[in-house]
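Chemist: Below: one structure in structure tokens.
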Amino acid sequence: MSFEIRPLSDALGAEIVGLDVSRPLDDATFARVHRAHLDHLVLVFRGQRLTPQQHIDFSKRFGPLDAHPSQGGAHLAGFPDILVVSTKRENGKDVGVRNAGPTWHSDLAYRDRPALGSMLYALELPDSGGDTGFANMAMAYDALPRRLKDAAGEKRALFSSTRNTSLHALHPVFRTHPETGRKSIFVNPQLTAGIDGMDAPSSSSLLAEIYAHCRQPEFVYWHKWRPGDLTFWDNRCVLHIADHTRLDDPAYIRHMHRTTIAGDVPF
């Protein structure tokens, strides 16, 4: 199967052109997609027409799936591996996770084994808004001032779920990618509670400097969704955020399905 890889920004991201992922991929094609994911960190497959099972099957090529632990009621009926991310309401109730990813984060960072990656499939979209920002934390680490690298050193940070406080874990501030060996910044504003072994003011001050560095435009790609887009990002070295500035607008409909590929213990 032939396809083209088109970079989307200098920081990260590439569009995979000419590949229908609803069909099983041969090993050579999958190997090239996998390599592109490691190289570009975020892959966009536009114009896909996927059933829930096809979405799951493609996701499983990258590893076993990890159902979201704290949103049991937001899973697609009959498909526990698919999390519904949606602003829709039925009978006065949200049909999925309404305000997903309002600040920079990586998925399931509060678990002992955070997610390897996530695949988000766009079904319905608003006429404006709802973009997703992705930030390259390997590039951000490489450019991080030596003073901040030394201050964090080999320290670990406490990560905690904002929706279920019983879910928490300790991980390195800077983690090493298990496949590429590159170091990246792993702490994030949404799920990091603080740096282990530091007093709260010192921890907050250091994290604030790191986050300000990470948000610089040269590390970020903003994806403008189209219906049928399937986007796959590497949670081990990418932070993401959703633009929900129109969340309270009744006309703002953003309806998506997400799968999550299980990861390993950060080091």
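Mind the numbering: the sequence shown is residues -1 to 265 in my numbering, read in order. All residues carry an ideal CB built from backbone N, CA and C; glycine is no exception.
1. Given D110, which residues of its chain have a CB within under 7 Å of its CB, disregarding the five upstream and five downstream residues?
2. Would H175 and R154 be called neighbours here (beta carbons separated by less than 8 Å)?
3. For L146, tell me which candidate among K58, A206 and T27 has the shortest Cα-Cα distance.
4. Check the DSSP bridge columns for P112 and list the partner residues they point to.
5. With contact counted as at least three CB pairs below 8 Å, one residue from each stretch, are the stretch 37 to 44 and the stretch 12 to 23 in contact?
6. From the DSSP output, in three-state form, read off K153 for me.
7. How is the beta strand (DSSP E) around M254 delimited, first residue to last?
8. Pick out whichever of T27, S20 and N162 has its Cα sitting closest to the Cα of I3.
9. Which word fits A72, buried or exposed, when buried means at least 16 other C-beta atoms lie within 10 angstroms of its C-beta?
10. Does DSSP put H66 in a helix, a strand or coil?
11. So, are the CB atoms of L10 and V40 less than 8 Å apart?
12. With a CB to CB cut of under 6 Å and the five nearest residues on each side skipped, what residues in its chain are close to W220?
13. Residue ranges of each beta strand (DSSP E) run of no fewer than 3 residues wholly in the stretch 42 to 96, ordered along the chain?
14. Strictly by DSSP, which residues pair up with A12?
15. Should K186 be labelled buried (16 or more other beta-carbon atoms within 10 Å of its own) or exposed?
16. Just checking, does the stretch 238 to 245 make contact with the stretch 157 to 164 on the three C-beta pairs under 8 Å criterion?
17. Go through its chain and collect everything with a Cβ distance to G99's Cβ below 7 Å, but skip five positions before and after it.
Modeler: This is what the structure gives:
1. Against the sequence shown, residue 110 aligns to sequence position 112. Same-chain partners within the cutoff: A167 and V263.
2. Counting from 1 along the sequence shown, the entry for residue 175 is found at position 177. Counting from 1 along the sequence shown, the entry for residue 154 is found at position 156. When the beta-carbon positions are compared, H175 and R154 stay at least 8 Å from each other.
3. In the sequence shown, the residue the question calls residue 146 occupies position 148. The shortest C-alpha separation from L146 is found at A206.
4. Position 114 of the sequence shown holds residue 112. DSSP, once it has assigned bridges, lists no residue as partnering P112.
5. Contact holds: three or more Cβ-Cβ distances are below 8 Å.
6. Position 155 of the sequence shown, counted from the start, is the residue given in the question as residue 153. Three-state result, K153: coil.
7. As a first step, residue 254 is located in the sequence shown; it is residue number 256 there, counting from the start. For M254, the uninterrupted beta strand (DSSP E) segment begins and ends at H253 to I259.
8. Start at 1 with the first residue of the sequence shown, and residue 3 comes out as number 5. Closest by alpha carbon: T27.
9. Within the sequence shown, residue 72 is the residue found at index 74, counting from 1. By the neighbour-count criterion, in which 16 or more other beta carbons inside 10 Å mark a residue as buried, A72 falls on the buried side.
10. Locating residue 66 in the sequence shown gives position 68, counting from the first residue. It is coil, neither helix nor strand.
11. Residue mapping note: residue 10 aligns to position 12 of the sequence shown, counting from 1. Residue mapping note: residue 40 aligns to position 42 of the sequence shown, counting from 1. For the 8 Å CB-CB criterion, L10 and V40 form a contact.
12. What you label residue 220 is simply residue 222 of the sequence shown in a count that begins at 1. D129 and G131.
13. As summarised for the stretch 42 to 96, the continuous beta strand (DSSP E) elements at least 3 residues long and confined to that stretch are 77 to 84, given in chain order.
14. Sequence index remark: in the sequence shown, residue 12 carries index 14 (1-based). Under DSSP, A12 forms a beta bridge with P5 and L41.
15. Position 188 of the sequence shown, counted from the start, is the residue given in the question as residue 186. One detail in the question is off: residue 186 reads as Asn in this sequence, not Lys. Answer is buried; the Cβ neighbour count reaches 16.
16. No, they do not touch.
17. On the sequence shown, position 101 is the one that residue 99 refers to. Contacts found: H238, I239 and A240.
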